[in-house]
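Structure first, commentary second.
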Amino acid sequence: MNKEIKTKTTNAVKHTLIFKTLGQGCSLIATILLVRGLSENDYGIYNLLYSIIGLLGTIASLGIGNTLQRYIPEYYQRGEFKIAHNLFRMTSAIRLVTDASILGFILLFWQEISPVLKLSAYKSYFMLFTLVIILHQQRNMLEICLSSFFLHKYSKSIGLIFSMIKAVGYGMVIFFDKNLWYAISIDLMAYLIVFTSLQVLYFNKIPTLGGSLDSFPKSEKKRVFRYALFYNFNDSGVGLLNADFDNFIIVMFLNPTAVGAYSFCVQIAIQISSLLPLTYLKDVIKPTFFSIGRSPERKNDSILFFQSLVKANALFAIPAFFFLLLYSDDMIAVFFNNKFIEYSSVLSGIFLFSILNSAPFGTVAQFRERADIVLYSKIFAVYNLIADIILIKMFGIWGAVFATGTATMAKNGFIWYFVKEDAHFKGMATFFLKLLSFWTTLSLVIFIFTPIPSTQRIFQLIFGILLFAVAFFIQFKCNLFEGYEKKFFAEMAAKKPRLTYLLKRLKMIPE
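With the working numbering applied, the sequence shown covers 1108 to 1618.
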């Protein structure tokens, strides 16, 4: 791996760890306050409104996000700042016009659309929320560019401010006994502040001129357009495979309160998953992965990078799953005042599927520019649509969990079949055997010998957190990594004494 990319990646990881950790803490507090502050019905409506963002991606993503993720890092690495800026400016304008058109269409036919989604009484809420949607989309594109230039020090600190504003605002929802309108207004204010800050950062930190190209060559236009076209259809399939689409089917057959329960479980699973390395560091991982290069001599680097990501993710994901199995009831009772506690098993099921579907096969396909394979994999979105309709009607929320989870597994398996030379699992069986044995044994011991008094849930939860925290560090004593992986980690931590010391203590680098 290029020495400059290693240095930038290490610095990006450091700043992401600092600011994103604080941001995740604030985001978790915000989620707790929002669930406590809104009724079950209002929380369902809130999530239905946010599901419209996913609907936009399903209808017309135009492949913009994935195209920026794929090509902006490459252009910055080559010093082609002018065409990178032109690509960003053009896609931002297209995204704005497309979003405004679709949202305008929904408003125009509100009387026909809203009864199906049980939103007839919430037109004014939706009109306010359209501003949140537009700012959300523009913010995402800015963050892709900033991450591609490894400006995590600034972008992640701004993300922390976003979470803090929401946490304080939702606290006021409870304190002043406010409603859903106030919660949406808080979101809008947070997005306005963050979007303005990111825009200023972009123009002050990233060059918009420079490079050997003044405009896109014809061959480059064709390359980018082809990639965007494929990912427009890819994103449409993704939209049918996520929780946003499930919410629309759930509200059709059930009610907004059921949407609130399902969204609650999904949001908590996302909050926990956001702490896992593959999600936590995705803004670092993708630019680094795409900057490795596709030359044959670097193929081993990309395979090693993939396997290291999968292992690092499993070190956190597997303990988190067993913790939810044992303590999800206690967690919901303590933090969320027993709201949706009857769905704790649903939370564990959703998180299990998120682990099974966490391997970054799609990123490898992006790296190899196999957008066609990712597109063809979306055939399983049709299965999810049919399964959702049948299973939600029969089994309620559990039907959505099973339908979406299995559809996503099938999609990922299809992609893996075509990229398995770059994303294989050879030599990883021992790692997973050791890890699963350790956590299964520990969880069985806790389940058998630890009483669970419902009247003392907070003490039970504290006990569980402390026990799993200690066990997390003990798991590294199982010598989980191979020699070549330890050498790779050592290279990544070079000239970072504190990081080197920590990795050495965890037996992740050679003695």
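Heads up, the beta-carbon is just placed ideally off N, CA and C, and yes, glycines get one too.
Note that the structure is predicted; figures quoted are calculated from it, not measured.
(message) For a quick check, are the C-beta atoms of A1376 and S1461 less than 8 Å apart?
(response) Yes, these two residues count as a Cβ contact at 8 Å.
(message) Let me see if you follow: with CB-CB separation under 8 Å, is F1525 close to chain B or not?
(response) Looking at the structure shown, chain B is missing, and only one protein chain is on hand.
(request) Mind checking which residues open and close the alpha helix (DSSP H) that includes K1189? (result) For K1189, the enclosing alpha helix (DSSP H) covers residues 1188-1215.
(request) Compare the Cα-Cα distances from F1468 to each of L1574, W1523, L1542 and report the closest residue. (result) If we check each option's Cα against that of F1468, W1523 comes out closest.
(request) Report the three-state DSSP secondary structure of H1531 (helix, strand or coil). (result) Reduced to three states, the DSSP call for H1531 is coil.
(request) Would you check if there are 3 or more beta carbon pairs closer than 8 Å linking the stretch 1481-1494 to the stretch 1416-1434? (result) No: fewer than three Cβ pairs fall under 8 Å.
(message) Please report the straight-line C-alpha distance between M1516 and E1476, rounded to a whole angstrom.
(response) Whole-angstrom Cα-Cα distance: 21 Å.
(request) Buried or exposed for W1288, please, with buried defined as at least 16 other CB atoms from any protein chain shown within 10 angstroms of its CB. (result) Burial check for W1288: the Cβ neighbour count within 10 Å stays below 16, so the residue is exposed.
(request) Look at the alpha carbon of I1457 and the alpha carbon of A1350, and state the distance between them as a whole number of angstroms. (result) Between I1457 and A1350, the C-alpha separation is close to 10 Å.
(request) Could you check the C-alpha separation between I1213 and I1220 for me, to the nearest Å? (result) The alpha-carbon separation between I1213 and I1220 amounts to approximately 7 Å.
(request) Have a look at V1453 and G1211 and give me their C-alpha separation to the nearest angstrom. (result) About 36 Å.
(request) Below 8 Å CB to CB, which residues in the same chain sit around F1596 once its five sequence neighbours on both sides are set aside? (result) For F1596, where only same-chain residues beyond five positions count, the Cβ hits under 8 Å are S1415, F1588, L1610, M1615, I1616.
(request) Could you say which of I1281, V1481, Y1232 lies nearest to R1143 if we only look at CA atoms? (result) The residue with the shortest Cα to Cα distance from R1143 is I1281.
(request) Determine, using beta carbons only, whether G1161 and S1370 come nearer to each other than 8 Å. (result) Taking 8 Å as the Cβ cut-off, G1161 and S1370 do not qualify as a contacting pair.
(request) Following the continuous alpha helix (DSSP H) through Y1229, name the residue where it begins and the one where it ends. (result) It is not in any alpha helix (DSSP H) - Y1229 carries neither H nor E in the DSSP assignment.
(request) Starting from the Cα of I1338, find the closest Cα among L1124, L1169, D1529 and give me that residue. (result) Residue 1338 is actually Tyr in this sequence, not Ile. Out of L1124, L1169, D1529, L1169 has the C-alpha closest to the C-alpha of Y1338.
(message) Quick check on DSSP: helix, strand or coil for N1586?
(response) Annotated three-state conformation of N1586 is coil, per DSSP.
(message) With three or more C-beta pairs closer than 8 Å as the rule, is the stretch 1167-1182 touching the stretch 1320-1340?
(response) The stretch 1320-1340 vs the stretch 1167-1182: in contact.
(request) Kindly list the residues whose CB is nearer than 6 Å to the CB of I1622, restricted to its own chain and excluding five residues on each side of it in sequence; keep chain order. (result) It is not possible to answer for residue 1622, since the shown part of the chain is limited to 1108 through 1618.
(request) Determine the burial state of F1502: buried for a count of at least 16 other Cβ atoms within 10 Å of its Cβ, exposed for fewer. (result) F1502 comes out exposed.
(message) Within 10 Å of its beta-carbon, does H1531 have 16 or more other beta-carbons around it, so buried, or fewer, so exposed?
(response) Result: exposed.
(message) Beta-carbon within less than 6 Å of A1427's beta-carbon, same chain only, minus the 5 sequence neighbours each way: which residues are those?
(response) Correct list, in chain order: I1379.
(message) Going by DSSP in three states, R1475 sits in which element: helix, strand or coil?
(response) In the structure shown, R1475 sits in coil (DSSP, three-state: anything other than H, G, I, E or B).
(request) Put I1313 into one of helix, strand or coil per three-state DSSP. (result) If DSSP states are grouped into helix, strand and coil, I1313 belongs with coil.
(message) Closest to N1354 by C-alpha separation, out of D1294, F1412, I1300, L1224, would be which residue?
(response) Out of D1294, F1412, I1300, L1224, L1224 has the C-alpha closest to the C-alpha of N1354.
(request) Measure the Cβ-Cβ separation of L1155 and P1363 and say whether it is below 8 Å. (result) Contact check for L1155 against P1363 passes: the beta carbons are separated by less than 8 Å.
(message) Please identify the residue among V1417, A1365, F1360 whose C-alpha is closest to the C-alpha of P1384.
(response) In this structure, V1417 is the residue among V1417, A1365, F1360 with its C-alpha nearest to the C-alpha of P1384.
(request) Give the straight-line distance between the Cα atoms of A1290 and Q1176, rounded to the nearest whole angstrom. (result) Going by the C-alpha atoms only, they are around 31 Å apart.
(request) With distances taken Cα to Cα, identify the nearest neighbour of A1576 among A1228, H1259, F1423, V1204. (result) Comparing Cα-Cα distances from A1576 to each of A1228, H1259, F1423, V1204, the minimum goes to F1423.
(message) Check for me: the alpha helix (DSSP H) holding N1154 runs from which residue to which?
(response) 1147-1167 is the extent of the alpha helix (DSSP H) around N1154.
(message) Quick check: S1262 and S1255, are their CB atoms within less than 8 Å of each other?
(response) It is not a contact, given that the beta carbons lie outside the stated cut-off.
(message) So within the stretch 1490-1541, which uninterrupted alpha helix (DSSP H) runs reach at least 4 residues, ignoring any that extend past its ends?
(response) When DSSP assignments are scanned along the stretch 1490-1541, the uninterrupted stretches of alpha helix (DSSP H) that are 4 or more residues long and fall wholly within it turn out to be 1504-1526.
(request) Within the same chain, show all residues whose beta-carbon is closer than 7 Å to that of F1443, passing over the 5 residues directly before and after it, in chain order. (result) Setting aside the 5 residues that flank it on each side, F1443 is surrounded in the same chain by I1139, V1142, R1143, each with a C-beta closer than 7 Å to its C-beta; the list follows chain order.
(message) Taking the beta carbon of T1557 as the centre, do at least 16 other beta carbons fall within 10 Å, making it buried, or is it exposed?
(response) Classification for T1557: exposed.
(message) Can you look up A1466 in the DSSP assignment and give me helix, strand or coil?
(response) A1466 falls in the coil class under three-state DSSP.
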